[in-house]
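Protein chains in written order, with the working numbering: chain A, 63 to 174; chain B, 19 to 302.
This report concerns only the one structure given below.
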Amino acid sequence: MKIAFTTKGTEWNSEMDPRFGRTEFILVYDDEKDEFESFDNREIENEAHGAGPKTSQKLFEMVAQVLITVNGPGGNAATVLEKAGVKSFIGAGQMSVKEAYEAYKNNSLKGF
Amino acid sequence: MKIAIASGKGGTGKTTLSTNLTALFSETEKIILADLDVEEPNSGLFINGELIQEEIKYKTIPEWNESTCTLCGECQKNCNFHAVIQLGPQILVFPELCHSCYACSELCPTDSLPMIKQRMGQLKQFKKDNITFVESRLDIGQEQAVPLIGQTIEYIENNFSEDIVRIFDSPPGTSCPVIEATKDVDFVILITEPTPFGLHDLKLAVETMKELKNDFGVVINRYGIGNNNVVEYCDEENIPILAKIPNSRKVAELYSKGELVYKEIPEVKKELQNIKNYILHLKN
């Protein structure tokens, strides 16, 4: 399964980015192959509108099935994620990617 | 002659000035007041006119026609606002993000995104003696003020003679709605209060007006509170100060009851008369 994280870096110990649409990086972890894939999302800074749908579309392209983030997507982004079949979990604030992954595995994150 | 009354900071007196100045003008000539703060229009509370005309206002948004779409992706590539998103075999349209620019619709090779009318709000025209008052109100849940502001200005241009002075009570801030309300006017009155917060936002408003190449002047409201920094700033920048409306509890009391203030407070009337004279001087 491919699990996407909103992050400030591209490693296990990178900090989670609290924002969804304007997250700095998207880190996708394939837990079957134990592989990472990352996307530098920082160009989103130049977008005045529609950051949420744009980032959601990227998750769809990266074939993520699960999203782990902090504050959660907004309304438009949530619509795209739902259509894309991505299940979202929120509340992974002030954690590293590794800690967020463990929290998800322990069912301690909130479903969105 | 189009005069916009704007401010960076909210709550500095745009509506007080707009309605009182309109009423003062109406003592000697015909005047049009438009409330362009369509997200929360409130000039109407002070102008109790007779309803003359009512119109539903629409914006247009694209609607996806699945049967003719070839999923070429041209639409989403051209949407600057990510209001059109392609997700595998489907196209999603987000009406709240759409700016009705028609790019997706016009550039679609198979015409699969026709533009469809969607209600966004309502325009009302009132009459009271020499005053024509036009107010537009955005529907609850609508996020974009700009198209309705644009259509309200268009309504005024199409229905009234250019000789009549128009006063635009503009939205607060310095973002798209204010720009739409002020971009084609002859003069902008920036109303502020003589406090650090007032000065901070006045500077933003001044920058915005310079960018738009608008002529503008400043009115200081609640003059007497705060400090002298707004006056000093205007002097340094050679910005004309058209009036200093004195701070008075009575103004707030009258305002809270939906009453015009200038008739009751001679000091306010004197300052408004200065503004009126300034506008009439510009006009001639």
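From the three backbone atoms N, C-alpha and C, an ideal C-beta is built for every residue, glycine too.
In chain B, what lies closer than 9 angstroms to residue i by C-beta?
i, result
"Gly112/A", "Cys97, Asn98, Phe99, His100, Ala101, Ile103, Phe112 and Leu115"
"Gln127/A", "In chain order: nothing, as chain B lies at least about 14 angstroms away."
"Val90/A", "Correct list: empty, because the minimum Cβ distance to chain B is about 17 angstroms."
Can you pull the chain B neighbours of residue i, defined as C-beta to C-beta under 8 angstroms?
i, result
"Asn138/A", "Phe112, Glu114 and Leu115"
"Phe122/A", "Leu105 and Gly106"
"Lys145/A", "Leu105, Gln108 and Leu110"
Rounded to whole angstroms, what is the Cα-Cα separation between residue i and residue j?
i, j, result
"Leu42/B", "Asn302/B", "18 angstroms"
"Lys135/B", "Ile79/B", "7 angstroms"
"Gln169/B", "Lys75/B", "8 angstroms"
"Thr128/B", "Cys119/B", "18 angstroms"
"Gln94/B", "Cys116/B", "12 angstroms"
"Tyr91/A", "His111/A", "28 angstroms"
"Pro214/B", "Val128/A", "48 angstroms"
"Gln168/A", "Ser150/A", "A small correction: the amino acid at residue 168/A is Asn; Gln does not occupy that position in the sequence shown. Their backbone Cα atoms lie some 15 angstroms apart in a straight line."
"Cys90/B", "Asn108/A", "25 angstroms"
"Thr226/B", "Thr192/B", "7 angstroms"
"Met157/A", "Thr69/A", "10 angstroms"
"Gln162/B", "Glu94/A", "45 angstroms"
"Val164/B", "Ile182/B", "24 angstroms"
"Asp233/B", "Thr117/A", "41 angstroms"
Just to make sure I have the definition right: I need the residues of chain B whose C-beta is within less than 7 angstroms of the C-beta of residue i. Which are they?
i, result
"Lys116/A", "His100"
"Val176/A", "Nothing in the structure corresponds to residue 176/A, since chain A is present only between 63 and 174."
"Gln119/A", "Ile103 and Leu105"
Given a threshold of 16 other Cβ atoms within 10 Å of its Cβ, counted over all protein chains shown, does residue i qualify as buried or as exposed?
i, result
"Ser274/B", "exposed"
"Gly276/B", "exposed"
"Met63/A", "exposed"
"Ala52/B", "buried"
"Ser36/B", "buried"
"His218/B", "exposed"
"Pro1/B", "Outside the shown range of chain B, which is 19 to 302, sits residue 1/B, and nothing can be said about it."
"Ala3/A", "Here chain A covers residues 63 to 174 and nothing more, so residue 3/A does not appear."
"Pro107/B", "exposed"
"Leu69/B", "exposed"
"Glu289/B", "buried"
"Ala270/B", "exposed"
"Ser85/B", "exposed"
"Thr88/B", "exposed"
"Arg81/A", "buried"
"Thr46/B", "exposed"
"Lys307/B", "The structure shown has nothing for residue 307/B, since chain B only spans 19 to 302."
"Arg240/B", "buried"
"Lys77/B", "buried"
"Asp147/B", "exposed"
"Asn103/A", "buried"
"Lys294/B", "buried"
"Ile88/A", "buried"
"Arg155/B", "buried"
"Gly147/A", "exposed"
Please report the residue range of the beta strand (DSSP E) in which residue i lies.
i, result
"Asn239/B", "Phe234 to Tyr241"
"Pro212/B", "It is not in any beta strand (DSSP E) - Pro212/B carries neither H nor E in the DSSP assignment."
"Arg155/B", "Ile149 to Leu156"
Would you mind reading off the limits of the alpha helix (DSSP H) that contains residue i?
i, result
"Gly139/B", "Looking at the DSSP string, Gly139/B is not in any alpha helix (DSSP H); the run it does join, the beta strand (DSSP E), is Met133 to Lys146."
"Pro113/B", "Pro113/B -> no alpha helix (DSSP H), and no H or E assigned at all."
"Phe186/B", "Note, Phe186/B: premise wrong, no alpha helix (DSSP H); beta strand (DSSP E) at Val183 to Asp187."
"Phe43/B", "Lys32 to Ser44"
"Ile303/B", "With chain B covering 19 to 302 only, the question about residue 303/B has no answer from this structure."
"Ser118/A", "Ala113 to Glu123"
"Tyr163/A", "Val159 to Lys167"
"Val196/B", "Cys194 to Thr200"
Assuming residue i contacts residue j under a Cβ cut-off of 8 angstroms, what Cβ separation, rounded to an integer in Å, is found between them?
i, j, result
"Ile174/B", "Arg184/B", "6 angstroms"
"Thr150/B", "Ala22/B", "That pair is no contact at about 17 angstroms."
"Glu72/B", "Lys142/B", "5 angstroms"
"Phe205/B", "Leu300/B", "6 angstroms"
"Ser44/B", "Glu153/B", "The pair is not a contact, with the Cβ atoms about 16 angstroms apart (cut-off 8 angstroms)."
Of all the CB atoms in chain D, is at least one closer than 8 angstroms to the CB of residue i?
i, result
"Glu107/A", "The structure shown contains no chain D; its protein chains are A and B."
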